[in-house]
Amino acid sequence: MGDTADRRSPLAHTADRFAAATRASGGALRLAELPFLAQVNVRLDPKGPAADAVGLALGMTLPLEPNTVVHGGGLTAVWLGPDEWLVVGPPGSQEGLQEKVRTAIGSEHASVVDVSAQRTTLLVAGRHARDLLAHGCSLDLHPRSLGAGRCAQTTLARAQVVLVPRDAYKPGFWVLVRSSFASYLADWLLDAAAEYTAPKATASAHATSEYAMPQFAETSS
Amino acid sequence: MLLIPCPWCGSRDEAEFHYGGQAHVPYPEDPASLDDTQWARYLFFRANPKGPLAERWCHTDGCRRWFNAVRNTATHDILAVYKPGEPRPVIA
Ligand SMILES: [Zn+2]
Numbered sequence: 001m002g003d004t005a006d007r008r009s010p011l012a013h014t015a016d017r018f019a020a021a022t023r024a025s026g027g028a029l030r031l032a033e034l035p036f037l038a039q040v041n042v043r044l045d046p047k048g049p050a051a052d053a054v055g056l057a058l059g060m061t062l063p064l065e066p067n068t069v070v071h072g073g074g075l076t077a078v079w080l081g082p083d084e085w086l087v088v089g090p091p092g093s094q095e096g097l098q099e100k101v102r103t104a105i106g107s108e109h110a111s112v113v114d115v116s117a118q119r120t121t122l123l124v125a126g127r128h129a130r131d132l133l134a135h136g137c138s139l140d141l142h143p144r145s146l147g148a149g150r151c152a153q154t155t156l157a158r159a160q161v162v163l164v165p166r167d168a169y170k171p172g173f174w175v176l177v178r179s180s181f182a183s184y185l186a187d188w189l190l191d192a193a194a195e196y197t198a199p200k201a202t203a204s205a206h207a208t209s210e211y212a213m214p215q216f217a218e219t220s221s
Numbered sequence: 222m223l224l225i226p227c228p229w230c231g232s233r234d235e236a237e238f239h240y241g242g243q244a245h246v247p248y249p250e251d252p253a254s255l256d257d258t259q260w261a262r263y264l265f266f267r268a269n270p271k272g273p274l275a276e277r278w279c280h281t282d283g284c285r286r287w288f289n290a291v292r293n294t295a296t297h298d299i300l301a302v303y304k305p306g307e308p309r310p311v312i313a
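Have a look at this one:
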């Protein structure tokens, strides 16, 4: 890690618009970037001794079931493939994290790569979080299929993302997106969020109209 | 839109996948010993059935793993999916 004073996260320029949309939604949505999370890609034999050693070192077992995550010790291990994980930690922890994993692996055949700059993380939370994501995602986002402890690698508005539901925000998701796609995805999210961030007067006018749509989203969250 | 069941991730949109051509086409054991006709046959000749065909697919936007699928080329029914190294299932 070098000097952090001049670092700009991929969505630093979007912070104001995210904050404005969050305010305008009156609590229905919360949009923010969680910049600079430490991300370490780990590949190893899930049945080999390295898997257990890494689990012990990190204080968690690496998730073996597809599309699941394990939280522990401030870290989140995301299943990316049958022999591949993304270990996510607080900003700046990547070097210590790599060191820990490398030491645990010893001379076993494995790969440990710092990919913290590959993706940035978006927080999409609030009671309309699922409705917003559903505008551009074909997966069932209901908690019964994508609830706590699960994750999904898929496309959101045609951009590849990793969706991780977060217990702390109900409903709420981490959306991990490649840095070069982040601006596009942020623009898309803000555009898709227009119906939840419209001025209150418009929203109540709709609600009293005889053509008002039932608020399915309210009951599903 | 096809729904393709990734052996790891489950059913996903076709748009998340990348097509990899016919499965079970082994690289020649001794490529140098092949004459031009045999080499061309390995490179360019593929089955083209109307019906079940074993194909390779990659779940590019998901787990990024290659796997095999038996697809009916006439109906697009996916009859089976299986992991690399596993034998082609017998389709009735
Ligand atoms: Zn997959």
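Chains as they are written, first to last, in our numbering: chain A, 1 to 221; chain B, 222 to 313.
Quick reminder that beta carbons are idealized off the backbone N, C-alpha and C, glycines included.
Note that the structure is predicted; figures quoted are calculated from it, not measured.
Coarse secondary structure for residue i, derived from DSSP in three states
i, result
"B/Ala-244", "coil"
"A/Asp-131", "helix"
"A/Phe-173", "strand"
"A/Thr-118", "The residue you asked about is not Thr; residue 118 of chain A is Gln in the sequence shown. A/Gln-118: coil per DSSP, three-state reduction."
"A/Ser-111", "strand"
"A/Asp-191", "helix"
"A/Ala-159", "strand"
"A/Ala-205", "Residue confidence for A/Ala-205 is low, a pLDDT of 46 falling below 50, so the modelled location carries little weight; the figure read from the coordinates is stated next. Looking at A/Ala-205 - three-state DSSP - the assignment turns out to be helix."
"B/His-253", "This sequence places Ala at residue 253 of chain B; His is not what is there. DSSP places B/Ala-253 in helix when its eight states are reduced to three."
"A/His-142", "coil"
"B/Arg-267", "coil"
"B/Pro-228", "coil"
"A/Thr-68", "strand"
Enclosing alpha helix (DSSP H) for residue i [first to last residue]
i, result
"A/Pro-49", "49 to 58"
"A/Glu-195", "194 to 197"
"A/Gly-96", "94 to 105"
"A/Asp-16", "15 to 24"
"B/Asp-234", "Segment 231 to 234 is the beta strand (DSSP E) holding B/Asp-234; no alpha helix (DSSP H) there."
Residue i: first and last residue of the uninterrupted beta strand (DSSP E) it sits in
i, result
"B/Trp-287", "287 to 293"
"A/Leu-75", "75 to 81"
"A/Thr-155", "152 to 156"
"B/Trp-278", "273 to 279"
"A/Ala-32", "30 to 34"
"B/Glu-237", "First-last for B/Glu-237: undefined, no H or E at that position."
"B/Val-302", "299 to 303"
"B/Glu-307", "Taken as a continuous stretch (DSSP letters only), B/Glu-307 belongs to no beta strand (DSSP E), as it is neither H nor E."
Exposure label - residue i; buried when at least 16 CB within 10 Å
i, result
"B/Gly-283", "buried"
"A/Val-115", "exposed"
"A/Leu-44", "buried"
"A/Pro-63", "buried"
"A/Thr-155", "buried"
"B/Gln-259", "exposed"
"A/His-109", "exposed"
"A/Glu-99", "exposed"
"A/Tyr-196", "buried"
"A/Phe-36", "buried"
"A/Ala-20", "exposed"
"B/Leu-264", "exposed"
"A/Ala-212", "For A/Ala-212, the predicted structure reports a pLDDT of 43, less than 50, and the residue's modelled location is therefore unreliable. The matter cannot be settled from this model."
Nearest-angstrom beta carbon gap, residue j and residue i [assumed within contact, 8 Å]
i, j, result
"A/Ala-182", "A/Leu-132", "Actually they are not in contact, since the Cβ atoms of A/Ala-182 and A/Leu-132 sit about 16 Å apart, beyond 8 Å."
"B/Ile-225", "B/Ala-275", "Not a contact, Cβ separation roughly 14 Å."
"A/Ala-134", "A/Leu-141", "6 Å"
"A/Asn-41", "A/Leu-75", "A/Asn-41 to A/Leu-75, Cβ: 14 Å. No contact."
"A/Leu-190", "A/Leu-163", "Their Cβ separation, rounded to whole angstroms, is 18 Å, which puts A/Leu-190 and A/Leu-163 out of contact at 8 Å."
Any C-beta of chain E under 7 Å from that of residue i
i, result
"A/Thr-68", "The chain labelled as chain E is not found among the protein chains of the depicted structure, namely A and B."
6 Å Cβ shell around residue i - same chain, five flanking residues per side excluded
i, result
"A/Arg-102", "Val-112"
Contacts around residue i, its chain only, beta-carbon distance under 7 Å, and the 5 residues preceding and following it disregarded
i, result
"A/Arg-166", "Gly-172, Phe-173, Trp-174"
"A/Asn-67", "Trp-79, Arg-150, Cys-151, Ala-152"
"B/Thr-281", "Glu-237, Phe-238, His-239"
Spatial neighbours of residue i in its chain, beta-carbon cut-off 8 Å, leaving aside the 5 residues before and after
i, result
"A/Gly-106", "Ala-50, Ala-53"
"A/Asp-6", "none"
"A/Pro-91", "Pro-35, Phe-36, Leu-37, Ala-38"
"B/Thr-296", "none"
"A/Pro-199", "Ala-24"
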